[in-house]
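Trainee: Using UniProt numbering, the first residue of the sequence shown is number 1, and each one after it goes up by one.
Don't be surprised by glycine CBs; every beta carbon is placed ideally from N, CA and C.
Model, not experiment: these values are computed from the prediction.
Below is a structure I'd like to ask you about.
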Amino acid sequence: MTGGRTALLMLDYQVALCERGEHMRMPALVDQVERRGVLAAAEKTLAATRDAGLYVVHVRLAFDPSYELRTNRSARFDAYPRERAMLRDAPGARIVSALAPLPAEPVVDKGGVGAFTGTPLLEMLLGAGVRHVALGGVATNLVVESTARHAVDSGLAVTVIEDMCASFDPALHDFAVEKILPMFAEVRSAAAFTADLGGDRR
């Protein structure tokens, strides 16, 4: 493990993005989450991280009723206020039950793609003495890539846990983990990451 306290960032593991049913927003993404066994890998990693006593932060896309806290103003995000989607108290915005936060684990709401923009996440991590973040989430080429880039530019070491990630297009996932993410993060499997946790209890 990299020196300094490690945090696990759980990114956008939400009902609308990861589970089939009436609240599903992206069938292609849910399909890849299922095919890749993402939630199972995330659940095992989360349990091992908790056992090791590491800092855990959950991040989700969730809007206030005015949608004025939305930071991403691209046309792609216009669907959320138009459809009144992903409101912070709505069922689809909830984190999936298998990865539900413990009372002591903070949940950070964001209004855009990356986990840092418009949120207190960086200050939280630095205040907790974190110097290394491990992260996984959906989609690989969106929240994972954006968050990893911001983290490394903020002075944090970054590990991306590949089998905790998926994209709506498997080619985009593969391109991200093979070509883009290795330029600024270490890409590891969940098994490799958790194998090192015994020596990183904080």
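Would you please state the rounded distance, in angstroms, between the beta carbons of G114 and R25? I believe it to be under 8 Å.
Mentor: In the sequence shown, residue 114 corresponds to position 114, counting from 1. In the sequence shown, residue 25 corresponds to position 25, counting from 1. Actually they do not touch by this definition, with Cβ atoms about 19 Å apart.
Trainee: Rounded to a whole number of angstroms, what is the C-alpha to C-alpha distance between L46 and A100?
Mentor: On the sequence shown, position 46 is the one that residue 46 refers to. On the sequence shown, position 100 is the one that residue 100 refers to. Their Cα atoms are separated by approximately 10 Å.
Trainee: Just checking my contact of D109 with A62 at CB under 8 Å: how many whole Å lie between their CB atoms?
Mentor: Translated into the one-based positions of the sequence shown, residue 109 becomes position 109. Translated into the one-based positions of the sequence shown, residue 62 becomes position 62. The Cβ separation is near 4 Å, so the contact holds.
Trainee: Measure the alpha-carbon distance for A192 versus A104 and round it to whole angstroms.
Mentor: The residue given as residue 192 occupies position 192 in the sequence shown. The residue given as residue 104 occupies position 104 in the sequence shown. Going from the Cα of A192 to the Cα of A104 covers about 26 Å.
Trainee: Between which two residues does the beta strand (DSSP E) containing A157 stretch?
Mentor: Translated into the one-based positions of the sequence shown, residue 157 becomes position 157. 157–161 is the extent of the beta strand (DSSP E) around A157.
Trainee: Express the C-alpha separation of V96 and G112 in angstroms, rounding to a whole number.
Mentor: What you label residue 112 is simply residue 112 of the sequence shown in a count that begins at 1. What you label residue 96 is simply residue 96 of the sequence shown in a count that begins at 1. Roughly 20 Å separates the two Cα atoms.
Trainee: If we count Cβ pairs, one from each stretch, closer than 8 Å, do we get three or more for the stretch 134–141 versus the stretch 155–163?
Mentor: The stretch 134–141 vs the stretch 155–163: in contact.
Trainee: If we count the other Cβ atoms within 10 Å of its Cβ and call it buried at 16 or more, is D89 buried or exposed?
Mentor: Taking the first residue of the sequence shown as 1, we reach residue 89 at position 89. D89 is exposed by the Cβ-count criterion.
Trainee: Using 10 angstroms around the beta-carbon of A28, count the other beta-carbons present and answer buried if the total reaches 16, otherwise exposed.
Mentor: Here the question's residue 28 lines up with position 28 in the sequence shown. Exposed, by the Cβ-count rule.
Trainee: The beta strand (DSSP E) with A134 in it runs from where to where?
Mentor: Indexing the sequence shown from 1 puts residue 134 at position 134. Unbroken beta strand (DSSP E) run through A134: 130–137.
Trainee: With 16 as the cutoff for other CB atoms within 10 Å, does T194 come out buried or exposed?
Mentor: Here residue 194 is taken as the residue at index 194 of the sequence shown, counted from 1. So T194 counts as buried.
Trainee: Any idea what DSSP makes of Y67, helix, strand or coil?
Mentor: For the purposes of this step, residue 67 is taken as residue 67 along the sequence shown, with counting starting at 1. Coil, per DSSP.
Trainee: When the Cα atoms are used, what is the spatial distance from L69 to A16?
Mentor: For the purposes of this step, residue 69 is taken as the residue at position 69 of the sequence shown. For the purposes of this step, residue 16 is taken as the residue at position 16 of the sequence shown. For L69 and A16, the distance between alpha carbons rounds to 20 Å.
Trainee: Nearest-angstrom Cα distance between R149 and E22?
Mentor: Here residue 149 refers to the residue found at position 149 of the sequence shown. Here residue 22 refers to the residue found at position 22 of the sequence shown. Rounded to whole angstroms, R149 to E22 spans 33 Å at the Cα level.
Trainee: Measuring straight from C-alpha to C-alpha, what distance separates V177 and R188?
Mentor: One-based indexing of the sequence shown puts residue 177 at position 177. One-based indexing of the sequence shown puts residue 188 at position 188. Their backbone Cα atoms lie some 10 Å apart in a straight line.
Trainee: Measuring only the C-alpha atoms, how far is V56 from A139?
Mentor: The count along the sequence shown starts at 1 and reaches residue 56 at position 56. The count along the sequence shown starts at 1 and reaches residue 139 at position 139. Distance between the alpha carbons of V56 and A139: 19 Å.
Trainee: Under a Cβ-count criterion, where at least 16 other Cβ atoms within 10 Å of its own Cβ denotes burial, should E19 be classed as buried or exposed?
Mentor: One-based indexing of the sequence shown puts residue 19 at position 19. The residue in question, E19, is buried, as its Cβ has 16 or more Cβ neighbours within 10 Å.
Trainee: Pull up the distance between the alpha-carbon of Q14 and that of S66, whole angstroms please.
Mentor: Taking the sequence shown and counting its residues from 1, one reaches residue 14 at position 14. Taking the sequence shown and counting its residues from 1, one reaches residue 66 at position 66. Looking at the two C-alpha atoms, the distance is approximately 21 Å.
Trainee: Would you mind working out which of L197, A40, M164, L87 sits nearest V143, comparing C-alpha positions?
Mentor: Your numbering for residue 143 matches position 143 in the sequence shown. Taking only the C-alpha atoms, the option nearest V143 is M164.
Trainee: Consult DSSP for M1 and reduce its assignment to one of helix, strand or coil.
Mentor: Within the sequence shown, residue 1 is the residue found at index 1, counting from 1. Unreliable positioning characterises M1 in this predicted model, as indicated by a pLDDT of 44, which lies under 50. The coordinate reading is nonetheless provided below. Coil.
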